[in-house]
Amino acid sequence: MESVSTVFEEAARLILVWDPALIEIIGLSLHITLVAVAIACVIGLPLGAVVGAFRFPGRPLIAVTLNALMGLPPVVVGLVVYLMLSRAGPLGPLGLLYTPTAMIIAQTLLVIPIVAALTKQVVEDLHREYADQFTSLGVGRFDRVTALLWDARYSLLTVALAGFGRAVAEVGAVIIVGGNINHLTRVMTTTIALETSKGNLQLALALGIVLVALAILVNAAVMALRSSAQRAAYA
Amino acid sequence: MRDLAGDIAAAEPVTAGPALLEARGLTFSSAGAWLIDDVSLAIAPGRRTVILGANGAGKSLLLRLLHGLERPSAGRVLHHGRPLDRRARRAQAMVFQRPVLLRRSVRANLRFALSVRGLCGRQRAEREAEALARARLTDLAHRPARLLSGGEQQRLAIARALAGRPEILLLDEPTASLDPASTQEIEALIEAATAEGVTVILVTHDLGQARRLGQDAIFLHAGRVAETGPADQVLDRPHSGPARAWIDGRLYL
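Protein sequences, first through last, are from chains A and B.
Counting from 1, position 90 in the first sequence corresponds to residue 90 in this note's numbering; the numbering is continuous, with no gaps.
Counting from 1, position 96 in the second sequence corresponds to residue 1096 in this note's numbering; the numbering is continuous, with no gaps.
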């Protein structure tokens, strides 16, 4: 086995020469994660806002469920989606198992509770400040939700970021429903798991570095955006 | 010298004439405490009514009840003789002690309030411009609203409230934490509103402001109406113990 420094050098070389295999994997990873987070936001933001802004029967139950599902083990989600999509499952005829679509479905399910639960918290706090003014102005339910989501936009960016972090780093669900097929469903995390077990540490480490760098980059971008919003007292 | 029964005045309209807004036997209790206790009053249209009283007398709570932000434990609020529903509340606008401004620009704050009332297009743009001019914030229209000074924020809140062309403007100590110059500007806005026919109900614990703005006065003590009448009478010749004590600067227990 090579020395650690050789592994590092080779990993750095792979990144610097923009290795096609590496790029393909990173691209697929980002594609799957971004689509999953986008769908999860479309569902989770309004869901969280409604639960955060209104009192209705069943609300505590929904809130507890969302909070509990935030810690959902990815392998369990992977297993459930696998059962749904497998040939004998209810969605089997769609033939989605071992496709990027299956991975998007699994990650979306993982991220929805995170987005919804965090959105609920953000919106609840904001609504406490706005509620009387909204009632006074006669703001209807729909306008309330959209106004709260808009006025919480910078906090919600952090919420989406939390969802992104969860999805991009997750391996358990995508490996079950994606199958880690080369050129088709191989993403950063599954490749790292596979290549490490094969002893191909260079590629694994290169992907690991990219993954961490991505996380830092996205976090820095969101933080910069938030602090500029804070200067305008919008956040 | 009036007798003791005069201390807690009976339910009587502040002034004669048809009431725009009325409270009948209004009561609000929380955790066993009667915070508003059997309050009946009538607000005359087109006038400025000041609600006075010591801290904790229930002034803000009464205002919230009149606006329908709180549900009374007993009694009711009538607007043109009809129960306070959503439509009635749209004829009212309330300005809070600490202005609640959206995390948007000055103009967007006005736009939101107008959109909620179903205004759009040119009509809305005209009302926006009108409200900006009224608050003297035209040059700051694109500023984030929450970066304005305290006085500017309150001017925006009042202009936003008036942009919906309400019949009644309710204000809860709008100048409580403002400097004299800002207070003067706010009071000028309130006077201008009256000149346009808006009925004003103002909660204040500032005797000077009550004298400057009050036409009618309601004095609250411990959740009850201690005294009502024309402002100069209540402020200069109070007959109830609580009002006399408060105006003399004594503690009334």
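By construction, the Cβ of each residue, glycine as well, lies at the ideal position given by its N, Cα and C atoms.
For residue i and residue j, what's the separation of their Cα atoms in angstroms?
| i | j | result |
| --- | --- | --- |
| Glu1130 of chain B | Ala1159 of chain B | 9 Å |
| Ala131 of chain A | Met1094 of chain B | 13 Å |
| Ser227 of chain A | Tyr234 of chain A | 10 Å |
| Ser136 of chain A | Leu1035 of chain B | 22 Å |
| Thr1015 of chain B | Gly1025 of chain B | Residue placement at Thr1015 of chain B is poorly supported in this model, since its pLDDT is 48, which falls under 50; the coordinates are not used for a value here. |
| Ile1043 of chain B | Phe164 of chain A | 56 Å |
| Leu1119 of chain B | Arg144 of chain A | 17 Å |
| Pro1013 of chain B | Leu1020 of chain B | Interpretation of Pro1013 of chain B is limited by its pLDDT of 45, a score under 50 that renders its predicted location unreliable; the figure taken from the coordinates is listed afterwards. Looking at the two C-alpha atoms, the distance is approximately 11 Å. |
| Asn219 of chain A | Asn67 of chain A | 23 Å |
| Gly1058 of chain B | Leu1220 of chain B | 7 Å |
| Leu79 of chain A | Leu149 of chain A | 33 Å |
| Leu1148 of chain B | Arg231 of chain A | 12 Å |
| Asp151 of chain A | Phe1112 of chain B | 12 Å |
| Ile1186 of chain B | Arg1237 of chain B | 27 Å |
| Gly1046 of chain B | Ala1023 of chain B | 17 Å |
| Leu109 of chain A | Val77 of chain A | 7 Å |
| Glu1070 of chain B | Thr1027 of chain B | 11 Å |
| Ser155 of chain A | Asp125 of chain A | 11 Å |
| Val111 of chain A | Arg13 of chain A | 34 Å |
| Pro1099 of chain B | Ile23 of chain A | 52 Å |
| Gly95 of chain A | Pro74 of chain A | 22 Å |
| Leu1114 of chain B | Ala1195 of chain B | 22 Å |
For the alpha helix (DSSP H) holding residue i, just list the boundary residues, first then last.
| i | result |
| --- | --- |
| Asp125 of chain A | Pro100 to Leu137 |
| Leu217 of chain A | Leu201 to Arg231 |
| Val174 of chain A | Gly172 to Gly178 |
| Val145 of chain A | Arg141 to Asp151 |
| Arg13 of chain A | Val4 to Leu16 |
| Ser197 of chain A | Met188 to Lys198 |
| Leu1156 of chain B | Gly1150 to Ala1163 |
Give the range of the beta strand (DSSP E) segment to which residue i is assigned.
| i | result |
| --- | --- |
| Phe56 of chain A | No beta strand (DSSP E) contains Phe56 of chain A, which DSSP labels as neither H nor E. |
| Met70 of chain A | No beta strand (DSSP E) holds Met70 of chain A; DSSP gives it neither H nor E. |
| His1029 of chain B | The residue asked about is misnamed: residue 1029 of chain B is Ser in this sequence, not His. Leu1021 to Ser1030 is the extent of the beta strand (DSSP E) around Ser1029 of chain B. |
| Asp1037 of chain B | Ala1033 to Ile1043 |
| Glu1227 of chain B | Arg1224 to Pro1230 |
| Gly1053 of chain B | Arg1048 to Gly1053 |
| Asp1172 of chain B | Ile1168 to Asp1172 |
Could one say the Cβ of residue i lies closer than 7 Å to chain A's Cβ atoms, at least one of them?
| i | result |
| --- | --- |
| Gly1006 of chain B | Its pLDDT being 40, under 50, Gly1006 of chain B is placed unreliably by the model, and nothing is read from it. |
| Val1198 of chain B | no |
| Arg1146 of chain B | yes |
| Arg1090 of chain B | yes |
| Val1116 of chain B | yes |
| Leu1069 of chain B | yes |
| Val1225 of chain B | no |
| Val1106 of chain B | no |
| Val1100 of chain B | yes |
| Ala1113 of chain B | yes |
| Arg1258 of chain B | Given that chain B is displayed from residue 1001 to residue 1253, the structure contains no residue 1258 of chain B and the question cannot be resolved. |
| Arg1103 of chain B | yes |
If distances are taken between C-alpha atoms only, which option among the options comes closest to residue i?
| i | options | result |
| --- | --- | --- |
| Leu1084 of chain B | B:Ser1240, B:Arg1064, B:Gly1241 and B:Gln1097 | B:Arg1064 |
| Pro20 of chain A | A:Gly52, A:His183, A:Val212 and A:Ala220 | A:His183 |
| Val212 of chain A | A:Arg166, A:Thr196, A:Gly199 and A:Asn180 | A:Arg166 |
| Arg1211 of chain B | B:Pro1230, B:Glu1126, B:Arg1104 and B:Val1225 | B:Pro1230 |
| Val81 of chain A | A:Ile216, A:Val174, A:Ala11 and A:Met223 | A:Val174 |
| Val248 of chain A | A:Val222, A:Ala206 and A:Leu225 | Because chain A spans 1 through 235 in this model, residue 248 of chain A falls outside it and cannot be assessed. |
| Ala106 of chain A | A:Ile192, A:Ala40 and A:Gly58 | A:Ala40 |
| Pro1242 of chain B | B:Arg1082, B:Asp1232 and B:Ala1222 | B:Ala1222 |
| Gln133 of chain A | B:Asp1172, B:His1079, B:Ile1190 and B:Glu1167 | B:Asp1172 |
| Arg1136 of chain B | B:Ile1218, B:Thr1228 and B:Gly1151 | B:Gly1151 |
| Val1225 of chain B | B:Ala1031, B:Val1039, B:Gln1123 and B:Ser1030 | B:Val1039 |
Would you say residue i faces chain B, with C-beta separation under 7 Å as the test?
| i | result |
| --- | --- |
| Leu45 of chain A | no |
| Leu156 of chain A | no |
| Gln230 of chain A | no |
| Val122 of chain A | no |
| Leu149 of chain A | no |
| Val139 of chain A | yes |
| Thr6 of chain A | no |
| Tyr240 of chain A | Given that chain A is displayed from residue 1 to residue 235, the structure contains no residue 240 of chain A and the question cannot be resolved. |
| Ala233 of chain A | yes |
| Ser227 of chain A | no |
| Thr135 of chain A | yes |
| Asp19 of chain A | no |
Which runs of the beta strand (DSSP E) spanning at least 3 residues fall entirely within the region 1185-1249 of chain B, listed in chain order?
Within the region 1185-1249 of chain B, the complete beta strand (DSSP E) runs of at least 3 residues are 1199-1203, 1216-1221 and 1224-1230.
Going along the chain, which unbroken runs of the alpha helix (DSSP H) with 4 or more residues stay wholly within the region 1066-1139 of chain B?
DSSP runs (the alpha helix (DSSP H)) wholly in the region 1066-1139 of chain B: 1086-1090, 1106-1116 and 1121-1134.
Name, going along the chain, the residues of the region 99-126 of chain A whose beta-carbon falls closer than 8 Å to a beta-carbon of chain D.
Structure shown: chain D not included; protein chains present are A and B.
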